[in-house]
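Shown next, in structure tokens, is the structure this report addresses.
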Amino acid sequence: MKYEFTCENGGERADSFLSGQEAGISRSAAAALIEQGCCLVNGKKVSKSYKLKAGDIVFVDAPEPETAQILPENIPLDILYEDDDLLVVNKPKGMVVHPAAGHYSGTLVNALMHHCKDRLSAINGVIRPGIVHRIDKDTSGLLIVAKNDTAHNFLAEQIKAHSFTREYAAVVQGVIKTDGTVNAPIGRHKTDRKKMCVTAENSREAVTHYFVEQNYKNNTLLRLRLETGRTHQIRVHMAYIGHPVTGDEVYGSGTPKWLCGQCLHARKIGFVHPNGQYLEFDSELPRYFTKLLRSLDSQKLVM
Numbered sequence: 670m671k672y673e674f675t676c677e678n679g680g681e682r683a684d685s686f687l688s689g690q691e692a693g694i695s696r697s698a699a700a701a702l703i704e705q706g707c708c709l710v711n712g713k714k715v716s717k718s719y720k721l722k723a724g725d726i727v728f729v730d731a732p733e734p735e736t737a738q739i740l741p742e743n744i745p746l747d748i749l750y751e752d753d754d755l756l757v758v759n760k761p762k763g764m765v766v767h768p769a770a771g772h773y774s775g776t777l778v779n780a781l782m783h784h785c786k787d788r789l790s791a792i793n794g795v796i797r798p799g800i801v802h803r804i805d806k807d808t809s810g811l812l813i814v815a816k817n818d819t820a821h822n823f824l825a826e827q828i829k830a831h832s833f834t835r836e837y838a839a840v841v842q843g844v845i846k847t848d849g850t851v852n853a854p855i856g857r858h859k860t861d862r863k864k865m866c867v868t869a870e871n872s873r874e875a876v877t878h879y880f881v882e883q884n885y886k887n888n889t890l891l892r893l894r895l896e897t898g899r900t901h902q903i904r905v906h907m908a909y910i911g912h913p914v915t916g917d918e919v920y921g922s923g924t925p926k927w928l929c930g931q932c933l934h935a936r937k938i939g940f941v942h943p944n945g946q947y948l949e950f951d952s953e954l955p956r957y958f959t960k961l962l963r964s965l966d967s968q969k970l971v972m
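Residue numbers (the numbering used here): 670 to 972.
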């Protein structure tokens, strides 16, 4: 699996920096990759204790897990758009995007391998073929999948430049009366490496704009637009301002239990196609989302 990161703030050790990125690499694994020569800084080998400088380019070529055999599976896909370069897929809640420890089958990648055969970009290796960006297992909604490396690179550049249009719908805890923006850097949690948090240490810029759609007695329906795309960004930012996403068992209270995960849906995505045309797609709110809204109807507040 190949990754490339840019160091925004200097002074951090190479192994610490690498473990704090979105690749999900532990500190010990990062140190091992550096010692094996699988990690380069500005094209050169460094030690794990090398202190990065602002603007350094960190490239990682991590070997694929030898024990994992990812197989095509005939899993139905909700495809909104498809051509020779890419697909736009509406991922259901509860589906993991790509194989990882404990999830080597039933993922979106397994389904894509069956549908697309060998027509998926290879940039992210055998574990994540075609995957340009991700959403959480319990987040539903739209994803773009690249069928070739040229399309993958073209789309990845837009993500890097924050030029994608990405809007979400969410029900959050508490009443938010006015629109707003959360501008707070996000990094890996110090003690729980599976969690992210707002922190000034080893973090990256993160900006979320939110717009109030409807107030209820104890909840708010929001439309959210991402300016950046950090891991768990919306969930972390909403919890940070005291309004965690309803049903979020990691950053919030986890209620109501029947949701089985957060009420968060990637509703709109827009991007420039490799052919130069701007495309934009919308996804209707899924059943679990509308079920929650119906249960809240009697609690609507006048806006």
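Where is the CB? At the ideal position from N, CA and C, for every residue including glycine.
Checklist entry - When the Cβ atoms of the region 670-678 are set against those of the region 721-734, are three or more pairs found closer than 8 angstroms? => result yes
Next on the checklist: Please state the DSSP three-state secondary structure of Ile748.
Outcome noted: As a position in the sequence shown, residue 748 is number 79, starting the count at 1. In this structure, Ile748 counts as strand in the three-state DSSP scheme.
Checklist entry - Pick from Gln902, Val710, Ile792, Leu749: whose alpha carbon is nearest that of Gly856? => result As a working mapping, residue 856 is identified with position 187 in the sequence shown. Ranking Gln902, Val710, Ile792, Leu749 by Cα distance to Gly856 puts Gln902 first.
Item to check | the region 835-853 in contact with the region 930-941 per 3-pair CB rule at 8 angstroms | outcome: yes
Next on the checklist: Measuring only the C-alpha atoms, how far is Leu954 from Tyr920?
Outcome noted: Indexing the sequence shown from 1 puts residue 954 at position 285. Indexing the sequence shown from 1 puts residue 920 at position 251. Spanning the two alpha carbons is a distance of roughly 22 angstroms.
Checklist entry - Can Val914 and Gln931 be called in contact, C-beta distance under 8 angstroms? => result Along the sequence shown, one-based indexing puts residue 914 at 245. Along the sequence shown, one-based indexing puts residue 931 at 262. Yes; because the gap between Cβ atoms is below 8 angstroms, this pair is in contact.
Item to check | Nearest neighbour of Cys929, chosen from Gly763, Met670, Met907 [CA to CA] | outcome: Position 260 of the sequence shown, counted from the first residue, corresponds to residue 929. Nearest of Gly763, Met670, Met907 to Cys929, Cα basis: Gly763.
Next on the checklist: Could you tell me the alpha carbon to alpha carbon distance between Asn852 and Glu874, rounded to whole angstroms?
Outcome noted: What you label residue 852 is simply residue 183 of the sequence shown in a count that begins at 1. What you label residue 874 is simply residue 205 of the sequence shown in a count that begins at 1. Taking the straight line from one Cα to the other gives about 8 angstroms.
Checklist entry - Between the region 805-824 and the region 940-950, are three or more C-beta pairs nearer than 8 angstroms? => result yes
Checklist entry - Leaving out the 5 sequence neighbours to the left and right, which residues in its chain are closer than 6 angstroms to Ile800 when beta-carbon positions are compared? => result As a working mapping, residue 800 is identified with position 131 in the sequence shown. Non-local beta-carbon contacts of Ile800 in its own chain, meaning distances under 6 angstroms to residues more than five positions away in sequence, involve His767, Asn793 in chain order.
Item to check | Whole runs of the alpha helix (DSSP H) within the region 798-853, excluding any shorter than 4 residues | outcome: 818-829
Next on the checklist: Quick check on this structure: which residue in Ser774, Leu970, Asn871 has the alpha carbon closest to the alpha carbon of Gly843?
Outcome noted: Indexing the sequence shown from 1 puts residue 843 at position 174. The candidate whose alpha carbon is nearest that of Gly843 is Leu970.
Item to check | Rounded separation between Ile739 and Leu789 - CA only | outcome: The residue you call residue 739 lines up with position 70 of the sequence shown. The residue you call residue 789 lines up with position 120 of the sequence shown. Straight-line Cα distance between these residues: approximately 14 angstroms.
Checklist entry - From what residue to what residue does the alpha helix (DSSP H) around Arg696 run? => result The residue you call residue 696 lines up with position 27 of the sequence shown. Counting along the chain, the alpha helix (DSSP H) containing Arg696 begins and ends at 696-704.
Item to check | Exposure of Ala869, with buried meaning 16 or more beta-carbon neighbours within 10 Å | outcome: Mapped onto the sequence shown, residue 869 falls at position 200. Ala869 comes out exposed.
Checklist entry - From the DSSP output, which residues share a beta bridge with Met670? => result To locate residue 670, count along the sequence shown from 1; it is residue 1. In the DSSP assignment, Met670 is bridged to no other residue.
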